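Trainee: Residue numbers for the sequence shown follow our numbering, so the first one is 11 and each next one is one higher. Ideal Cβ positions, reconstructed from N, Cα and C, are used throughout, including at glycine. Note that this is a predicted model, so its numbers are computed, not measured.
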Amino acid sequence: MASNLSDRRSRCADRSEPRSRDQATIRKALASRAGGKSLSNAGGQRLYGADQVKNFLKIEGQQARKEYSKTKSLTTEYFRVGSVEVSCSYEVGDAERASKIEALKTALKKINDLGFRLPESIDVVISAQDGVRNVAFMGDVNGGEKIQVFLGPKIFQEYKPNLGPKGVADGFRKQQKATAVIIHELGHVLHMRTSPNLFWSGKDPSSASGKAPPDSAAQLSQYACQNKLEFVADAFTAIVMTGNVNRAVFEDYKSHGGPTTARLDGM
Numbered sequence: 011m012a013s014n015l016s017d018r019r020s021r022c023a024d025r026s027e028p029r030s031r032d033q034a035t036i037r038k039a040l041a042s043r044a045g046g047k048s049l050s051n052a053g054g055q056r057l058y059g060a061d062q063v064k065n066f067l068k069i070e071g072q073q074a075r076k077e078y079s080k081t082k083s084l085t086t087e088y089f090r091v092g093s094v095e096v097s098c099s100y101e102v103g104d105a106e107r108a109s110k111i112e113a114l115k116t117a118l119k120k121i122n123d124l125g126f127r128l129p130e131s132i133d134v135v136i137s138a139q140d141g142v143r144n145v146a147f148m149g150d151v152n153g154g155e156k157i158q159v160f161l162g163p164k165i166f167q168e169y170k171p172n173l174g175p176k177g178v179a180d181g182f183r184k185q186q187k188a189t190a191v192i193i194h195e196l197g198h199v200l201h202m203r204t205s206p207n208l209f210w211s212g213k214d215p216s217s218a219s220g221k222a223p224p225d226s227a228a229q230l231s232q233y234a235c236q237n238k239l240e241f242v243a244d245a246f247t248a249i250v251m252t253g254n255v256n257r258a259v260f261e262d263y264k265s266h267g268g269p270t271t272a273r274l275d276g277m
C-alpha cells in the first residue's frame with residue numbers, strides 16, 4: 011500500500027499545472043488585468059480587493075460566453091430544487107436532455123440534504139454539441155456573480171485512460187456518474203462562495219498556493235492532483251456521493267477552504 015501511495019504521489023507532483031488551455035488563458039489574463047496588490051491576513055492567506063474579484067468574475071463571464079457560443083438553439087424552463095431556482099436551457103434535439111435534468115435535480119437534492127447553501131439562482135445550459143464541456147463559471151462579463159453550469163455530451167462517458175486523469179466521478183457509471191460530475195462543478199461554486207480568497211488564489215498566477223496537497227490528493231484521484239481547486243471539488247464529490255473521506259483528506263480539504271456543514275463535523 012505504501013509503495014502504491016508513493017507512486018501516486020509522484021504522479022500528483024506532475025499534474026500541478028493548469029488542466030486546460032482555457033485555464034492557462036484565464037491565468038494569463040488575470041496576470042495582466044488584476045488591479046492593485048493583494049494583501050495577506052495574519053495567517054498568510056491572500057486577500058483580494060473588490061476590483062480584483064470583479065476582474066476574476068469578468069474573465070469567468072467571458073469564458074462562459076465562449077462556451078455558450080458552441081451551443082445551438084435553446085429552449086428554457088424553470089424549476090426549483092430546495093432553495094435553488096434553476097434556469098435550465100437545453101437543445102430540444104438533445105436525446106439525453108431528460109437524463110441530464112434528472113442528474114441535475116439529484117445533485118442539487120444531495121447537496122441540499124447535507125445542509126449546504128447554494129446560490130438562490132443557477133443558470134444551467136444543456137447541450138449535445140461536441141466541444142461543450144461539463145464546467146461551471148462564476149461570473150458575467152460585467153464582473154458580477156452569475157453561476158453558469160454547462161452540461162455537455164460527455165457527461166455519461168465511461169472513463170478510459172486516454173481521456174486523461176481519472177476523477178472521483180469516473181468511479182461511477184451512467185446516471186450516477188452524471189450526478190457526480192455535476193456535484194463536482196457545484197463544489198467549485200460552493201468553494202468560491204464560502205472561501206473566496208482561497209478559491210481565487212487557486213486561479214491567481216501570482217499566488218504560490220495553487221498546488222494540491224499531494225498525499226491527500228493521491229488518495230482521492232489522479233484528477234484531484236491537478237491543483238487545489240480540483241482537489242477540493244473532488245473531495246466534495248466524494249463526501250456528497252459516498253458520505254465519507256478519511257480524516258487526513260477531510261482536514262486538508264477544510265484547510266484549503268472546502269465547504270462544510272455541521273452535519274459533517276463528525277466525519
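Is residue 156 helix, strand or coil by DSSP?
Mentor: Here residue 156 sits in strand by DSSP.
Trainee: With burial defined as no fewer than 16 other Cβ atoms inside 10 Å of the residue's Cβ, what is the status of residue 271: buried or exposed?
Mentor: Residue 271 should be labelled exposed.
Trainee: Can you tell me whether residue 139 is buried or exposed, with buried defined as 16 or more other CB within 10 angstroms of its CB?
Mentor: Exposed, by the Cβ-count rule.
Trainee: Enumerate in chain order the residues of its own chain whose CB-to-CB distance from residue 227 is below 7 Å, with the five nearest sequence positions on each side excluded.
Mentor: The residues are 22, 234, 235 and 241.
Trainee: Using beta-carbon positions only, say whether residue 125 and residue 68 come within less than 8 Å of one another.
Mentor: Cβ atoms of residue 125 and residue 68: not closer than 8 Å.
Trainee: Is the beta carbon of residue 157 less than 8 Å from the beta carbon of residue 188?
Mentor: It is not a contact, given that the beta carbons lie outside the stated cut-off.
Trainee: Pick out whichever of 134, 182 and 273 has its Cα sitting closest to the Cα of residue 99.
Mentor: The shortest Cα separation from residue 99 among 134, 182 and 273 belongs to 134.
Trainee: Can you tell which of 64, 107, 131 and 202 has its C-alpha closest to the C-alpha of residue 89?
Mentor: Closest option to residue 89, Cα to Cα, is 131.
Trainee: Leaving aside the five residues before and after residue 268 along the sequence, list all residues of the same chain whose C-beta is less than 7 Å from its C-beta, in chain order.
Mentor: Result list for residue 268: 201, 242, 245 and 246, in chain order.
Trainee: Give the DSSP-derived three-state secondary structure of residue 14 in the structure shown.
Mentor: In this prediction, residue 14 has a pLDDT of 38, which is less than 50 and means its spatial position is unreliable; nothing more can be read from the coordinates.
Trainee: Note down the Cα distance separating residue 172 from residue 180, rounded to an integer number of angstroms.
Mentor: So the two alpha carbons sit approximately 13 Å from each other.
Trainee: Look up residue 240 in the DSSP assignment and give the residues it is bridged to.
Mentor: According to DSSP, residue 240 bridges with nothing at all.
Trainee: Let's see if you can read the secondary structure: which residues bound the beta strand (DSSP E) around residue 195?
Mentor: Segment 184-204 is the alpha helix (DSSP H) holding residue 195; no beta strand (DSSP E) there.
Trainee: Below 8 Å on the Cβ atoms is my contact criterion, and I expect residue 281 with residue 195 to pass it. Report the Cβ-Cβ distance as a whole number of Å.
Mentor: A query on residue 281 cannot be resolved here, the shown segment of the chain reaching from 11 to 277 and no further.
Trainee: Helix, strand or coil: which one does DSSP assign to residue 88?
Mentor: DSSP places residue 88 in strand when its eight states are reduced to three.
Trainee: With H, G and I counted as helix, E and B as strand and the rest as coil, what does DSSP make of residue 112?
Mentor: Here residue 112 sits in helix by DSSP.
Trainee: Which term fits residue 168, buried or exposed, when burial requires 16 or more other beta carbons within 10 angstroms of its beta carbon?
Mentor: When all chains shown are included, residue 168 counts as exposed.
Trainee: Closest to residue 128 by C-alpha separation, out of 143, 136 and 118, would be which residue?
Mentor: If we check each option's Cα against that of residue 128, 118 comes out closest.
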